[in-house]
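Novice: Position 257 of the sequence shown, counted from 1, bears residue number 297 in our numbering, the numbering being contiguous throughout.
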Amino acid sequence: MADAPLVLGIETSCDETGIGLVRGHTLLANTIASSMDEHARFGGVVPEVASRAHLEAMTPTVDAALAAAGVKLSDVDAVAVTAGPGLAGALLVGVAAAKSYALGLGVPLYGVNHLAAHVAVDQLEHGPLPKPCIALLVSGGHSSLLLVPDVAEDVISLGSTVDDAAGEAFDKVARVLGLPFPGGPYIDKAARDGSGTAVAFPRGKIDDGTLDFSFSGLKTAVARWVEAREAGGERIHVPDVAASFQEAVVDVLTRKALQACRQYDVHDLLIGGGVAANSRLRALAQERCDAAGVRLRVPRPGLCTDNGAMVAALGSDLVAAGVAPSALDIPADSSLPITTVHV
Ligand code: KG4
Ligand code: ZN
């Protein structure tokens with residue numbers, strides 16, 4: 041794909057300033073500046089802090105990505121940017137930067153959907169996506185099941201969380217257990233020394249026939265369970281609670297994902313988003329996909345969490361599909377619907 045256009049991808053929907061460089065489905069650079077350390081003491085991402093950090097990180101991160109790829113800014117053939125959904129102020133910084141680069145370089149601009157980009161990124165690791173596939177996207181900001189006939193054109197929402205996102209539940213339960221923020225990786229680690237069947241935590245909406253999720257009841261159940269033990273002077277075994285909570289989340293996620301595959305007669309499942317880094321989710325998803333004859337694709341953790349390569353990957357698909365570029369006055373849309381793959 042040496043002749044494919046060089047696409048610069050810019051991602052600023054949350055706390056990561058992600059810059060990616062992609063040619064076709066070849067990843068050339070994926071550079072990230074995170075403001076997570078500035079948010080950790082608040083126990084969650086502070087939008088104003090994130091926006092300011094994006095502004096400061098933007099040009100140095102673009103320069104670092106260009107250096108990593110061994111290309112010049114003037115080599116860039118198209119600019120893609122997350123237009124939404126995400127934090128409004130944070131998105132605005134990325135969109136303004138993308139417009140400036142596109143205008144300055146005289147190259148087309150593509151405003152893309154963050155969720156569709158989470159799906160498109162897998163092609164950088166595993167090649168073209170089967171059409172259609174089912175995608176389970178699980179992160180701190182979203183938990184969605186999607187039917188993806190064609191990631192550059194058509195993405196259909198099958199279900200989503202009715203309350204907390206899966207990663208949000210990990211982060212909140214970690215707090216209850218005295219683990220640092222963001223809690224997902226710490227719960228994952230603690231759970232390796234515990235038993236997933238130690239405590240029977242509830243599985244929200246498990247048999248309700250929908251493809252929606254609910255994690256807020258589970259989060260509350262863990263908090264009540266811990267409070268009750270601590271009030272009685274008991275010491276809780278953190279690894280058992282972590283493993284049992286994690287099992288409840290991944291049991292529901294994988295069951296609903298495979299239910300979607302069955303319902304739509306689709307044999308390829310993709311899992312993306314920060315929670316896709318979870319070791320138990322990966323293992324149980326593989327086990328259940330094998331049993332159901334479904335092929336599983338999960339990008340490596342660095343491509344699962346928010347990054348610029350995913351935006352460049354989707355931009356590259358749009359260029360290849362001959363999609364018309366975005367206007368230079370596109371807005372940042374914090375609640376961009378998943379059905380809008382590009383703006
Ligand atoms: O995709 P991401 O980087 O950002 C967005 O939220 O969009 O996802 C971050 C989320 C956090 O909630 C974090 O706790 C969770 O992904 N996470 C994990 C793991 N690694 C990250 N959750 C469970 N297990 C993990 N290993
Ligand atoms: Zn994300």
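The C-beta atom is built at its ideal place from N, Cα and C for all residues, glycine as well.
Here the structure is a predicted model, which means the values were calculated and not measured.
Is Asp211 buried or exposed, if buried means 16 or more other CB atoms sit within 10 Å of its CB?
Specialist: So Asp211 ends up on the buried side.
Novice: Rounded to the nearest angstrom, what separates Arg320 and Ser114 at their Cα positions?
Specialist: When rounded, the distance between both Cα atoms is 44 Å.
Novice: May I ask you to check if the CB of Ile276 is nearer than 7 Å to at least one heavy atom of the ligand KG4?
Specialist: Result no, Cβ not under 7 Å from the ligand KG4.
Novice: For the alpha helix (DSSP H) containing Leu95, name the first residue and the last one.
Specialist: Leu95 -> alpha helix (DSSP H) spans 87-109.
Novice: Does DSSP put Gly49 in a helix, a strand or coil?
Specialist: Reduced to three states, the DSSP call for Gly49 is strand.
Novice: Leu187 and Leu198 - do their beta-carbons sit closer together than 8 Å?
Specialist: Closer than 8 Å, so yes.
Novice: May I ask you to report which of helix, strand or coil DSSP gives Thr201?
Specialist: Here Thr201 sits in strand by DSSP.
Novice: Suppose you measure from the CA of Gly234 to the CA of Val216; what does that come to, to the nearest Å?
Specialist: Distance between the alpha carbons of Gly234 and Val216: 17 Å.
Novice: Out of Asp330, Ile370, Val89, Ala120, which one is the CA nearest neighbour of Ser74?
Specialist: Of the candidates Asp330, Ile370, Val89, Ala120, the one whose C-alpha sits nearest the C-alpha of Ser74 is Val89.
Novice: Could you say if the stretch 162-179 and the stretch 128-137 meet the contact criterion of at least three C-beta pairs nearer than 8 Å?
Specialist: Not touching, per the Cβ criterion.
Novice: Using a 10 Å radius around the Cβ and a threshold of 16 neighbouring Cβ atoms, would you call Ile196 buried or exposed?
Specialist: Exposed, by the Cβ-count rule.
Novice: If Leu358 and Tyr150 are in contact, beta carbons under 8 Å, what's the gap, nearest whole angstrom?
Specialist: Between Tyr150 and Leu358 the Cβ distance is about 5 Å, and since that is below 8 Å, they are a contact.
Novice: Can you tell me whether DSSP reads Leu169 as helix, strand or coil?
Specialist: Residue state, collapsed to three classes: coil.
Novice: When the Cβ atoms of the stretch 352-372 are set against those of the stretch 42-55, are three or more pairs found closer than 8 Å?
Specialist: A contact exists between the stretch 352-372 and the stretch 42-55.
Novice: Are there any heavy atoms of the ligand KG4 lying less than 7 Å away from the beta-carbon of Glu208, as far as the coordinates show?
Specialist: Within the cutoff, so yes.
Novice: Can you determine whether any heavy atom of the ligand ZN sits closer than 7 Å to the C-beta of Ser375, and answer yes or no?
Specialist: Checking the Cβ of Ser375 against the ligand ZN gives no.
Novice: If you compare alpha carbons, which of Arg322, Tyr304, Thr71 is closest to Gly312?
Specialist: Taking only the C-alpha atoms, the option nearest Gly312 is Arg322.
Novice: Is any non-hydrogen atom of the ligand ZN found closer than 7 Å to the C-beta of Asp27, if you look at the structure I gave you?
Specialist: For the chain, the structure presents residues 41 to 383; residue 27 sits outside this window and is missing.
Novice: Does Glu208 come out as helix, strand or coil in the three-state DSSP assignment?
Specialist: Looking at Glu208 - three-state DSSP - the assignment turns out to be helix.
Novice: With Gly355 as the anchor, note down where its beta strand (DSSP E) starts and where it stops.
Specialist: From DSSP, Gly355 is part of no beta strand (DSSP E) but of the alpha helix (DSSP H) over 348-360.
Novice: Looking at the structure shown, is His79 part of a helix, part of a strand, or coil, going by DSSP?
Specialist: Correct three-state label for His79: helix.
Novice: Out of Ala142, His79, Phe253, point me to the one whose CA is closest to Ser366's CA.
Specialist: The shortest Cα separation from Ser366 among Ala142, His79, Phe253 belongs to Ala142.
Novice: Regarding Ala369 and the ligand ZN, is the C-beta to nearest heavy atom distance less than 7 Å?
Specialist: The question names Ala, yet the displayed sequence has Asp at residue 369. No, the ligand ZN has no heavy atom inside 7 Å of this Cβ.
Novice: If you pair each beta-carbon of the stretch 272-280 with each one of the stretch 300-318, do three or more pairs fall below 8 Å?
Specialist: No contact exists between the stretch 272-280 and the stretch 300-318.
Novice: Does the pairing of the stretch 255-267 with the stretch 213-230 give three or more beta-carbon distances under 8 Å?
Specialist: Contact between the stretch 255-267 and the stretch 213-230 is present, because at least three Cβ pairs lie under 8 Å.
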